[in-house]
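Asker: Here it is, the structure, as structure tokens.
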Amino acid sequence: MHLLAERTEGTVFVPLGIEIIEVTPERTRLALTIDHRHRQHLGFLHGGVSALLAESAASLAAASAVDIETHTVAGVDLSATHVRAKRDGRITATATPLHRGRTTHVYDVRITDEDDRLVCVARCTIAIRTMHR
916 MHLLAERTEG TVFVPLGIEI IEVTPERTRL ALTIDHRHRQ HLGFLHGGVS
966 ALLAESAASL AAASAVDIET HTVAGVDLSA THVRAKRDGR ITATATPLHR
1016 GRTTHVYDVR ITDEDDRLVC VARCTIAIRT MHR
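In terms of the working numbering, the sequence shown is residues 916 to 1048.
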């Protein structure tokens, strides 16, 4: 996980306060504590933040399943359903693989609150590509 954590420096993880909890090929978890940076104009968690958290969890899961020195990963499809509004508290995104092929991985991502209530459910497809140097 150390190398993956280093690669988040200088990315959206830092200004949004996204924390890496766990990164394995079988389960990746990211979390954040909701504050003014994450809310839309009505004061609720912005759906785009949930989408970003979901794709980030899936991308890190995919990166942990391949050799990131020779391969790159990129989100190519994301579908998210927001099922609970949140104004504050902590949310955790958990990505688990549904399919891991040679060129694509598909992840189920569930975002839950501190009481383990579902906030958002997402499916994310990640492209796996060989880097050409």
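Glycine included, C-beta positions come from ideal geometry on N, C-alpha and C.
(1) Give every residue of the same chain whose Cβ lies closer than 6 Å to the Cβ of Glu934, excluding the five residues on either side of it in the sequence, and list them in chain order.
(2) Does Gly990 come out as helix, strand or coil in the three-state DSSP assignment?
(3) Just the Cα atoms here: how many angstroms apart are Thr1019 and Thr985?
(4) Asp992 and Cys1039: beta carbons closer than 9 Å?
(5) Could you please give the first and the last residue of the uninterrupted beta strand (DSSP E) stretch that includes Gly1004?
(6) Identify, in the order they occur along the chain, each residue of the same chain with its Cβ nearer than 6 Å to the Cβ of Ile936, setting aside the five sequence neighbours on each side.
(7) Need the endpoints of the beta strand (DSSP E) that Val929 sits in, please.
(8) So, is Leu1013 buried or exposed, given that buried needs 16 or more other C-beta atoms within 10 angstroms?
(9) Helix, strand or coil: how does DSSP classify Ala977 here?
(10) Exposed or buried, which one is Leu957 when buried takes at least 16 other CB atoms within 10 Å?
(11) Anyone know if the C-beta pair for Arg1025 and Ala1008 falls short of 9 Å?
(12) Given Ala989, which residues of its chain have a CB within under 6 Å of its CB, disregarding the five upstream and five downstream residues?
Answerer: Working from what's here:
(1) Residue mapping note: residue 934 aligns to position 19 of the sequence shown, counting from 1. The answer, listed in chain order, is Ala946.
(2) Numbered from its first residue, the sequence shown carries residue 990 at position 75. The three-state reading of DSSP puts Gly990 in strand, counting E and B together.
(3) Residue numbering aside, residue 1019 sits at position 104 when the sequence shown is read from its first letter. Residue numbering aside, residue 985 sits at position 70 when the sequence shown is read from its first letter. Rounded to the nearest angstrom, the gap between the Cα atoms of Thr1019 and Thr985 is 15 Å.
(4) Indexing the sequence shown from 1 puts residue 992 at position 77. Indexing the sequence shown from 1 puts residue 1039 at position 124. Asp992 places its beta carbon less than 9 Å from that of Cys1039.
(5) Translated into the one-based positions of the sequence shown, residue 1004 becomes position 89. Per DSSP, Gly1004 belongs to the beta strand (DSSP E) from 1004-1015.
(6) Taking the first residue of the sequence shown as 1, we reach residue 936 at position 21. Around Ile936: Arg944, Ala946.
(7) By 1-based counting over the sequence shown, the position of residue 929 is 14. Counting along the chain, Val929 falls outside any beta strand (DSSP E), though it belongs to the alpha helix (DSSP H) covering 928-931.
(8) Position 98 of the sequence shown, counting from 1, holds the residue named residue 1013. Exposed.
(9) In the sequence shown, counting from the first residue as 1, residue 977 sits at position 62. Ala977: helix per DSSP, three-state reduction.
(10) In the sequence shown, residue 957 corresponds to position 42, counting from 1. With fewer than 16 other CB atoms across the displayed protein chains lying within 10 angstroms of its CB, Leu957 is exposed.
(11) By 1-based counting over the sequence shown, the position of residue 1025 is 110. By 1-based counting over the sequence shown, the position of residue 1008 is 93. The Cβ atoms of Arg1025 and Ala1008 sit closer than 9 Å to each other.
(12) Within the sequence shown, numbered from 1, the residue matching residue 989 stands at position 74. Correct list, in chain order: Ala1042.
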